[in-house]
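Student: Below you'll find the structure I mean.
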Amino acid sequence: MTQMLAILILLLFLTAGIAAAAMLDRAIPALVAGRPMKSSLSAPFAVAAAMAIAPKSDTEHPDRVGWVLAPILYFTLAAVGLSVVPLSPRLVAAPSEVGIVLWGACEALTVVAVFLHGWSANAPLPLMGAYRYVAIGLPAMLLSMFVLIGAALPAQSLGLVEIVESQRDVWNVVRQPAGLVLFLMLGLSVSLRGPFDYADPYDLAGGTQAEVSGAARLSWRLARLAMLVSVSAMTATVFLGGYLGPVLPGFVWLALKSALVLVALVAAGNWFARMPPARMMSFLWLALLPLSFLMLAAVGVELLLWG
Amino acid sequence: MIVLVAATVAALVRSARSPFAAPITEPQKVPFLGGGAPTTHAWQRYHVRYYPMTLLFIAFEMEMMFMYPWAVVFVEEGGKAMMEMGMFLAILSVGILYGWREGVFRWQ
Amino acid sequence: MTLSSVLIVAAALIGIGLYGALSQQSFVMLMMGLELMLNGALLAVIGFWSFALGGAPEGQLLAIIIMAVMAVDMAVGFALVTAVYRKRQADTTESLGTLKN
Amino acid sequence: MAVRLLEKSAPSAPVSVFAAVGAGSRGRVERLFYDPRLTRVLSVRQANVLLVAGSLRDEDHDDLRRLHDQMPPPRATVWWGSDPIFGFDDLTTIAVEDDPVAAIVAAHRALIMVERASEPDLLPNEPANPWRGEGPHGQGGKGMMGGTPYGRPMAMTNDDLRDGLALDAYTAPFGPFLPMLPPGLKLSLTLQGDVVQKAEVLRPPLAQHDDGPTRALRLRRVARLLRILGLDAHADRLQDASRASECGEEVDFAKLRRLVRWSGALAAIPPGLGVVDGRDVRSRMRRWLDELGVQRPDPADPASSEQPARLVDLLEGLEWTEAILVINSFDDKALLAMAPVEKEDGNAEKGEGEHHHHDHSSRDHHSAGHAMNHGGGGSA
Amino acid sequence: MGLIDIAFILLSAVAVISGWRVFVTDSMVRASFLLLLSFVAVALIILLMAAPYIGVATIFMMAVEMMVMALFMVMFMMNPAGLNPMMMVHQNRFAIGAGVVAFAGLSLAALATDFVDNRVDPAKRVVHDLGIELLGPSMLTFETAGVTLLATMVGAVVLSARSGRFGASDEGSLPPGLEPGGEPAGRKPEESGGHHHHHHMHG
């Protein structure tokens, strides 16, 4: 019964989150560009409607199964990733004692979904987008796993409820501030935006999206937004104490914190420049991975001394 | 349950039919190159420029399998856990350093 | 779901994997056969662990080791394929045999 | 019901426009998208309206037809200061000095309301190569790699510049209407993965003879580089500033410079990329950035040196994004000088005897690649 | 027949059928991802058997491994997308026979043997036990795994990367001259071409 309730709330959360993300996606670029922001509220729906009524395109002998499956898989992964996020100690859509491992599996399958989306078109620009995303998506995933393990140490569990409960005294963002930054980078990577958008970038004329139109494109963009919402909720849970907070019910706190992370992610996606993929790959392995090692070691030492 | 709902929603959106849908003709199917027409299929023996990195990656990622259970018992086991995992990670870091020296993390 | 039924599924996977490993000319496809056999082995191990060993931790450890074997097998296998291709421009098992000159 | 709702709200969305830019129109088109009623799409697949701006060369006409046919229906074409080419009818033409936005929006609305018929295909409805029913499975192919399965042959292996794995080389013409390339530039690129093995200029970029103030031009150049670095919003800001400075309004250049600096755009560009006259892409961009507000022509650009570097040499051995960055790091005049069209026979000896231009390292690879082709032997 | 049994039957069918399709499909990407599907189905069966960690970890390990598998399959197989249907097999009959015999033998063995019935307690903290096991009794296995993985990493790099310490692997030895951090395009020029030839039509 509580599970059904949790699923309902989460679906509501996902829908509202996607709408909010779509609006932010127009408002924040407009803010940076110094253009009027007033159309940000209504424009996303009109754009979605325009996409929905446009016909789908086709290429010469694409892999149709893969092309159809990719956005569906991507969206589903976002929903599954979101489903392990607890709304309160009892209210979890998919209670799992290995929540962060499940989230890791969603990240790994996201790489598969994005690759499939680019590969299936049988066209050069999407193909390049697909391959370069794998080069960045894989090492970025490694970072997030170290960071999540760092969060699991004080909780003595891989479940997200326990991870939230372990933050009653001090939020994980205090324990590993750099971990939050690394996890936000992962968030940009799995939702294909800004400095980590190697699948759908400008220099490939939209990359994996270059050959899709109409409802196919709409579903891909929705899936990207859904993943953004999902990763925001996950960040809020792991680093910002999730549902913990005074007075208000747990899921309201979770929604507020997720919204904060969402704004941060969209802003970061519009604020930082994207390196060419070769440079980013070296950067991930040689700068960020050692940083995540250090972060983990620091959390370990802290627990040994004061834990 | 979640999987079913999400997959259905996404499938419905993906399969929405446009009121303007018409049979797609051959010239509409030519891959987009900004006007140019390709001579061959794009599917090819694609030269992945980071293949040594992926090999290093799958070996390195294996360590995650050991790290998750380790994280659960870390507080319980204390210094011993720290030391053993430190040793394990140090061993694997040697691999990464070696890879770096061999230029694995560059575009080949 | 009983141990026997789990083991039969595992046997089917091993059988298909063996077929693939024996029949495929391409070295990469051969590795797919191997992986499928290990997949069956993994299922069997967890089956025993769950139904007959009462959840002894060694069973899980064995499963992890099987996965490590898969990873090692893949990394070394692909590296080998790359090395062979660099020399011979071919990826079939036959050409691997003639490398020993 | 749902469909009705969609059809109601769809016309209020900005019109997706793909711009095919001809001679002397680049700045005009970039200024156009300040209007919130339009959005510029990167791929013609996502466009509702094809905007043809400025005059095209005769050679570009076929490419324009191909582009037009790739646009999914319902589709319309708007000609802005350019002469409609053969094959189009139901013409919407706008004079250069007029604003085309209203016409574009009207055309799009008419399409959605089915008041205007979607333009038909211009090219014949037949595959690139006949394939149906041919071959052992009717897929048009022969054996493993042969024939034309589903209308096209497969790419074949070739030697590689970088790591010696001879995998498939994909050769295709890119442009002349690709949004991240200068208008009119059509390159034949041979790629292995995403690394350029060989580049040839099929058609040079179209002259833009931008006569606006230099600082407005410089803003637009930086904006183009910013887009490649994933900074669309920043690019829009610079674009708007360029528009404002052309209208004679006051622009806070120091603030713009700070904005770009803080985005890490300069640090994101790899050092040593596309070196010409001792300057790489990063230092060229830094110079543009430093001189954002300065109202004087660029100091000696590569075009003015006696023997300009060749674009195709710069591109060889580069990864795709790096190559695109290099192409966009030159101003239009310099690029025009660097991208002469090579005749067919001239290409064969390319890279053999002209090592004295500049010290780009991939040149050595190139000649080595030739030696490999001729001297390589061995048996299976 | 409970819900778990139905799920088990469905997942087994998915695992076996997609495992079989791997060797029938023409597209290498599809083959890799079908194998992934087979792994995911097995992982879900493992979840049903009260081993949450191993199940989920299988999915995440295999997703990555099959992704890499797809990259290499496409890289080295002729006609990677299966545009022309193909069949690259040898000793097909023998292989089918061996597969059937293996299946039949193992199944018979599974049916004939009487296993002790000692089910895992659903309340057991299996991940915790695994951690204790890793750090305690099986410490040596754990560290050996580390060394093995290191050896794998080094071996894979040595075999696959071209530029080693003494120059490219497909040319003669050169004195060391590797400078870390340099541009990949600016590597040492290649002198000899090894054995390059361009006919690839077997089978």
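Protein chains in written order, with our numbering: chain A, 942 to 1248; chain B, -1 to 106; chain C, 39 to 139; chain D, 572 to 951; chain E, 175 to 377. Think of the CB as a built atom: it goes at the ideal place given N, C-alpha and C, for glycine as much as any other residue.
So, helix, strand or coil for Trp105 of chain B, using DSSP?
Tutor: DSSP places Trp105 of chain B in coil when its eight states are reduced to three.
Student: Would you mind listing the beta strand (DSSP E) stretches within the segment 177 to 211 of chain E that are 3+ residues and don't spill past its ends, in chain order?
Tutor: DSSP runs (the beta strand (DSSP E)) wholly in the segment 177 to 211 of chain E: none.
Student: Have a look at Ile950 of chain A and Pro750 of chain D and give me their C-alpha separation to the nearest angstrom.
Tutor: Cα to Cα, Ile950 of chain A sits roughly 43 Å from Pro750 of chain D.
Student: Would you kindly report the start and end of the unbroken alpha helix (DSSP H) that includes Val766 of chain D?
Tutor: Not the alpha helix (DSSP H): Val766 of chain D falls in the beta strand (DSSP E), residues Val766 to Arg774.
Student: Given Leu882 of chain A, which residues of its chain have a CB within under 8 Å of its CB, disregarding the five upstream and five downstream residues?
Tutor: For chain A, the structure presents residues 942 to 1248; residue 882 of chain A sits outside this window and is missing.
Student: So the beta strand (DSSP E) Pro985 of chain A belongs to, where does it begin and stop?
Tutor: Careful: Pro985 of chain A lies outside any beta strand (DSSP E), inside the alpha helix (DSSP H) at Ala984 to Ile994.
Student: Mind pulling the alpha helix (DSSP H) runs of 4 or more residues that sit fully within the segment 1076 to 1151 of chain A?
Tutor: Fully enclosed alpha helix (DSSP H) runs of 4 or longer: 1101 to 1106, 1113 to 1116 and 1118 to 1131.
Student: Please classify Val122 of chain C as buried or exposed, where buried requires at least 16 neighbouring CB atoms within 10 angstroms.
Tutor: Looking at its Cβ environment, which holds 16 or more other Cβ atoms inside 10 Å, Val122 of chain C is buried.
Student: Three or more beta-carbon pairs under 8 Å between the segment 208 to 220 of chain E and the segment 10 to 30 of chain B, yes or no?
Tutor: With the cut-off at 8 Å, the segment 208 to 220 of chain E and the segment 10 to 30 of chain B do not touch.
Student: I'd like the ranges of any alpha helix (DSSP H) spanning at least 4 consecutive residues and lying wholly in the segment 639 to 684 of chain D.
Tutor: Counting whole runs of 4 or more residues, the segment 639 to 684 of chain D contains the alpha helix (DSSP H) stretches 672 to 683.
Student: Residues in the segment 1215 to 1233 of chain A with C-beta within 8 Å of chain E's C-beta atoms, listed in sequence order?
Tutor: Correct list: Ala1219.
Student: For Val248 of chain E, which residues from the same chain have a beta carbon less than 7 Å from its beta carbon, with the 5 sequence-adjacent residues on both sides left out?
Tutor: Within the same chain, Val248 of chain E has close Cβ partners Met202, Val203 and Pro254.
Student: Does the segment 1102 to 1116 of chain A come within contact of the segment 1215 to 1226 of chain A, defined as at least 3 CB pairs closer than 8 Å?
Tutor: Short answer: they don't touch.
Student: Can you list, in chain order, the residues of the segment 1072 to 1090 of chain A whose Cβ is nearer than 8 Å to any Cβ on chain D?
Tutor: Against chain D - using a Cβ distance shorter than 8 Å - the residues of the segment 1072 to 1090 of chain A are Tyr1072 and Arg1073.
Student: Throw me the rounded Cβ distance for the Asp765 of chain D and Arg1158 of chain A pair, which I believe falls under 8 Å.
Tutor: Not really, about 23 Å apart at Cβ, beyond 8 Å.
Student: Based on the DSSP secondary-structure assignment, which residues constitute the bridge partners of Tyr741 of chain D?
Tutor: D:Leu762.
Student: Just to confirm the assignment: which complete beta strand (DSSP E) runs, minimum length 3, are found wholly within the segment 771 to 847 of chain D?
Tutor: None, since the segment 771 to 847 of chain D contains no complete beta strand (DSSP E) of that length.
Student: What in chain C is Cβ-close to Gly735 of chain D, meaning under 9 Å?
Tutor: Going along chain C in sequence order, the residues near Gly735 of chain D (Cβ under 9 Å) are Arg124.
Student: Beta carbons nearer than 7 Å to chain E: which residues of the segment 1043 to 1055 of chain A have them?
Tutor: So the close ones are Leu1043, Gly1045, Ala1046, Ala1049, Leu1050, Val1052 and Val1053.
Student: In this structure, does DSSP put Glu1243 of chain A in helix, strand or coil?
Tutor: In this structure, Glu1243 of chain A counts as helix in the three-state DSSP scheme.
Student: Would you say Ala49 of chain C faces chain B, with C-beta separation under 9 Å as the test?
Tutor: Closer than 9 Å: no.
Student: I need the boundaries of the alpha helix (DSSP H) containing Val1042 of chain A, first residue and last residue.
Tutor: Per DSSP, Val1042 of chain A belongs to the alpha helix (DSSP H) from Gly1040 to Trp1060.
Student: With a threshold of 9 Å between beta carbons, is Phe116 of chain C in contact with chain B?
Tutor: So, interface residue.
Student: Check the C-beta distance from Arg774 of chain D over to Pro747 of chain D and give it rounded, since I have them as a contact under 8 Å.
Tutor: With 8 Å as the limit, Arg774 of chain D and Pro747 of chain D qualify as a contact, their Cβ atoms being about 6 Å apart.
Student: Would you say Ile950 of chain A faces chain D, with C-beta separation under 9 Å as the test?
Tutor: For Ile950 of chain A, the answer is no, since every Cβ of chain D falls outside 9 Å of its Cβ.
Student: Helix, strand or coil: which one does DSSP assign to Leu693 of chain D?
Tutor: Coil.
Student: If we ignore side chains and look at the alpha-carbon of each, how far apart do Ala1049 of chain A and Val92 of chain B end up?
Tutor: The alpha-carbon atoms of Ala1049 of chain A and Val92 of chain B are separated by roughly 25 Å.
Student: Determine which residues share a DSSP beta bridge with Lys757 of chain D and list them.
Tutor: Note: Lys757 of chain D sits in a beta bridge opposite D:Arg774.
Student: Note down the Cα distance separating Ser626 of chain D from Phe250 of chain E, rounded to an integer number of angstroms.
Tutor: The alpha-carbon atoms of Ser626 of chain D and Phe250 of chain E are separated by roughly 46 Å.
Student: Out of E:Gln265, E:Ala231, E:Val216 and E:Val242, which one is the CA nearest neighbour of Gln63 of chain C?
Tutor: Among E:Gln265, E:Ala231, E:Val216 and E:Val242, the Cα nearest to that of Gln63 of chain C belongs to E:Gln265.
Student: Comparing C-alpha positions only, which one of B:Ile56, B:Pro50, B:Val3 and B:Phe86 sits nearest to Ala335 of chain E?
Tutor: Nearest of B:Ile56, B:Pro50, B:Val3 and B:Phe86 to Ala335 of chain E, Cα basis: B:Pro50.
Student: Strictly below 7 Å CB to CB, what residues from chain A border Arg104 of chain B?
Tutor: Going along chain A in sequence order, the residues near Arg104 of chain B (Cβ under 7 Å) are Ala1219 and Ser1223.
Student: Does DSSP classify Glu73 of chain C as helix, strand or coil?
Tutor: Correct three-state label for Glu73 of chain C: helix.
Student: Between the C-alpha atoms of Glu82 of chain B and Val294 of chain E, what's the straight-line distance to the nearest angstrom?
Tutor: Using only the alpha carbons, I get a separation of about 29 Å.
Student: Would you mind sorting Met1236 of chain A into buried or exposed? The rule is 16 or more other CB atoms within 10 Å of its CB.
Tutor: Answer is buried; the Cβ neighbour count reaches 16.
Student: Report yes if the C-beta distance between Met236 of chain E and Val214 of chain E is below 9 Å; otherwise report no.
Tutor: For Met236 of chain E and Val214 of chain E, yes; Cβs fall inside 9 Å.
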